[in-house]
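Chains as they are written, first to last, in the numbering used here: chain R, 38 to 418; chain U, 220 to 480.
Right, here's the structure in full:
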């Protein structure tokens with residue numbers, strides 16, 4: 038299980054990490070935009086910094102690129118400490134949200150720029166440009182100016198320009214933010230494919246959790262300048278470490294509970310007027326909570342069951358059906374339990390067909406995550 | 220709005236165009252009059268006036284003075300205005316407004332006031348009037364336009380552009396020479412053309428700050444005191460055509476660059 042803030046790699050490879058961030062702090066006056074962040078990313082991994090605006094993800098990215106000077110801590114890329122390197126000496130490339138293509142240069146000149154700065158030969162640069170244009174499936178636009186291309190094309194040129202000098206690390210600052218939804222979905226897939234094909238390490242910044250889930254090998258969820266949790270998308274979804282992560286990633290029913298008793302492997306929670314025994318392993322924090330602690334039981338909508346007779350040990354909530362939304366094969370239900378809890382469930386169409394006015398909702402102890410109740414908005418030192 | 224007959228607006232427009240251009244056409248025609256006086260109708264035509272002004276040493280020398288002044292003053296105005304624009308683009312808050320106001324003020328000052336002030340100032344410093352004095356005088360009047368034109372373009376530049384270049388390995392010198400200056404090129408070119416024309420047509424500053432050799436407008440004024448003759452019409456027409464051609468060329472060039480890139 039993961040503890041917030043600390044990055045514990047579950048699938049550590051033997052190779053050197055592409056990037057290692059050690060206790061990075063960036064202060065703006067008294068405000069810590071980045072607050073003691075440590076992060077290791079292996080070579081060839083697609084990692085996403087995910088969080089609401091103002092959580093410090095862009096500042097962290099700009100610190101890696103060298104555009105923001107860290108107050109404390111270290112940035113190590115490919116085994117080299119670049120904390121105090123000038124931006125133009127760093128082996129990292131960045132894709133900007135507004136693309137920042139040079140408007141007075143042709144597409145080819147844009148892509149060639151990084152290679153030129155590295156002093157490569159004309160022939161090598163020409164070949165590299167050709168490869169890059171091929172990679173982004175735009176082999177014929179080399180002689181055109183960025184202003185004459187569509188947003189999606191400009192986005193891909195920006196990607197090609199960043200990849201051309203063969204950086205150790207590619208930083209992407211909400212690069213799909215300016216695209217419409219349909220194009221955005223297509224670019225997500227294409228970006229992921231290009232990442233796989235090139236084998237580059239991508240550090241991607243977004244506030245869109247769906248985007249993060251669909252593209253990333255690993256996600257670092259950030260809040261108030263800190264990393265709340267880092268892990269694979271499934272892991273973060275199934276085992277959120279904090280109430281914030283549970284609420285930010287996907288939909289979740291958050292049911293308040295209090296620890297009534299603890300023994301070796303089991304926990305007794307007082308929840309919705311009943312005592313419910315769950316394995317202590319369902320607590321996603323590392324320490325077992327004490328008796329009397331306020332907790333939150335996180336249940337994903339698809340883990341709320343209505344049709345079966347249930348098993349021994351299920352949490353059972355009787356609820357009234359308020360609203361339903363058809364989602365094709367599944368139906369989304371909005372319910373209110375007898376205790377006044379608002380619940381969301383996603384069930385199969387055929388299960389919904391036999392639904393009565395009053396429903397017994399069940400969830401199994403195996404399907405929930407138990408996190409500490411939110412302590413409110415954390416304030417920065 | 221709908222009550223005005225639809226034909227009225229175009230007529231209004233063409234009347235205005237006639238008012239603008241008729242005097243110019245008449246002037247151009249007078250240059251072809253075979254007589255020592257300006258009068259209508261023209262009974263006999265000649266190209267003699269046009270030929271004679273192009274051989275007039277005094278006129279050619281005045282044109283040469285004007286050209287020198289135009290180039291010097293433009294150079295000074297750009298050299299002063301360009302770095303200043305960078306400073307303004309970087310400054311924020313009330314200080315920026317104050318600095319811009321200070322630099323733009325000369326554009327709203329009556330030219331004659333500033334000309335007299337500079338003349339007195341130069342006198343105090345013990346400096347002579349002449350080409351250098353006129354050039355600096357013109358530069359003062361041009362700097363506001365240079366700053367406004369370059370600053371407008373600079374504000375349209377994404378701040379990420381320089382960062383992107385830096386990120387790709389460009390140091391500060393390369394960022395300026397390869398990214399910022401080329402981006403500013405259309406504005407710089409426009410500002411230069413504007414400065415050249417502004418300097419060439421200026422009379423007041425040239426008159427007050429001029430030395431022995433008159434600039435072209437000053438010479439024209441001096442000749443006028445002896446009365447109009449078709450020669451003046453001829454030379455004015457030549458200058459008109461030359462400056463219009465320059466203006467059109469500049470306008471077209473700037474527009475193409477802005478659209479293309």
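Ideal Cβ positions, reconstructed from N, Cα and C, are used throughout, including at glycine. Please read all numbers here as calculations on a predicted model, not as lab measurements.
Chain-order list of chain U residues neighbouring residue 131/R: 382, 383 and 386, by C-beta distance under 8 Å. In the three-state scheme derived from DSSP, where H, G and I count as helix and E and B as strand, residue 268/R is classed as strand. Pairing residue 155/R with residue 388/U gives a Cβ-Cβ distance under 8 Å. At the C-beta level, residue 119/R and residue 197/R stay beyond 8 Å of one another.
Residue-level contact check: residue 141/R touches chain U, since one or more beta carbons of chain U fall below 8 Å from its beta carbon. In chain U, no part has a C-beta under 9 Å from the C-beta of residue 241/R; the shortest such distance is about 16 Å. Of all residues in the stretch 52-78 of chain R, none is placed with a Cβ closer than 8 Å to any Cβ belonging to chain U.
Against chain U, the CB of residue 180/R has no partner CB under 8 Å away; the residue lies outside that interface. Looking at the DSSP output, residue 83/R shares a beta bridge with 239/R.
Taking CB atoms only, residue 325/U has no neighbour in chain R less than 8 Å away.
Around residue 271/U, the same chain offers 450 as residues with beta carbons nearer than 7 Å, after the five sequence neighbours per side are excluded. Just measuring C-alpha positions, the residue of 82/R, 59/R, 401/R and 152/R sitting nearest residue 348/R is 401/R.
In this chain, residue 104/R is not harboured by any beta strand (DSSP E), its DSSP state being neither H nor E. Within the stretch 398-410 of chain U, 398, 401, 402 and 404 place their CB atoms closer than 8 Å to a CB of chain R, listed in sequence order. With a cut-off of 8 Å on Cβ pairs, the stretch 368-377 of chain R is not in contact with the stretch 224-240 of chain U, counting fewer than three such pairs.
Under the 10 Å beta carbon count, residue 90/R is surrounded by fewer than 16 other beta carbons and is classified as exposed. Closer than 8 Å to the CB of residue 151/R there is at least one CB belonging to chain U. Residue burial annotation: residue 336/R is buried, with at least 16 other C-beta atoms found within 10 angstroms of its C-beta. Residue pairing by DSSP places residue 293/R opposite 333/R in a beta bridge. Taking residue 116/R as reference, the option from 404/R, 55/R, 319/R and 232/R with the minimal CA-CA separation is 55/R. Within the stretch 203-234 of chain R, contact with chain U at the beta-carbon level (separation under 7 Å) is assigned to no residue.
Residue 334/R is positioned such that its CB atom lies closer than 8 Å to that of residue 407/R.
At a cut-off of 8 Å between beta-carbon atoms, residue 159/R makes no contact with chain U.
Here residue 417/U carries a helix assignment [DSSP, helix/strand/coil]. Setting aside the 5 residues that flank it on each side, residue 103/R is surrounded in the same chain by 122, 123, 124 and 127, each with a C-beta closer than 7 Å to its C-beta; the list follows chain order. Residue-level contact check: residue 163/R does not touch chain U, since none of the beta carbons of chain U fall below 8 Å from its beta carbon. Residue 142/R sits in coil when the DSSP states are folded into three classes, being neither helix nor strand. DSSP places residue 316/R inside the beta strand (DSSP E), whose first and last residues are 311-316. When the five nearest sequence neighbours on each side are left out, the beta carbons in the same chain lying within less than 7 Å of the beta carbon of residue 394/U are those of 381, 384 and 385, in order along the chain. For the stretch 112-137 of chain R, the residues whose beta carbon sits under 7 Å from a beta carbon of chain U are, in order, 124, 125, 130, 131, 133, 135 and 137. Within the DSSP secondary-structure output, residue 256/R pairs in a beta bridge with 85/R and 268/R. Between residue 316/U and chain R, the shortest Cβ-Cβ separation is not below 8 Å.
If you look at residue 335/U, you'll find it in the alpha helix (DSSP H) that goes 330-344. The C-beta of residue 285/R comes no closer than 8 Å to any C-beta of chain U.
The alpha helix (DSSP H) runs of length 4 or more contained entirely in the stretch 380-454 of chain U are, from start to end of the chain, 400-420, 423-428 and 435-443.
With respect to chain R, the C-beta atom of residue 374/U has no partner C-beta closer than 8 Å.
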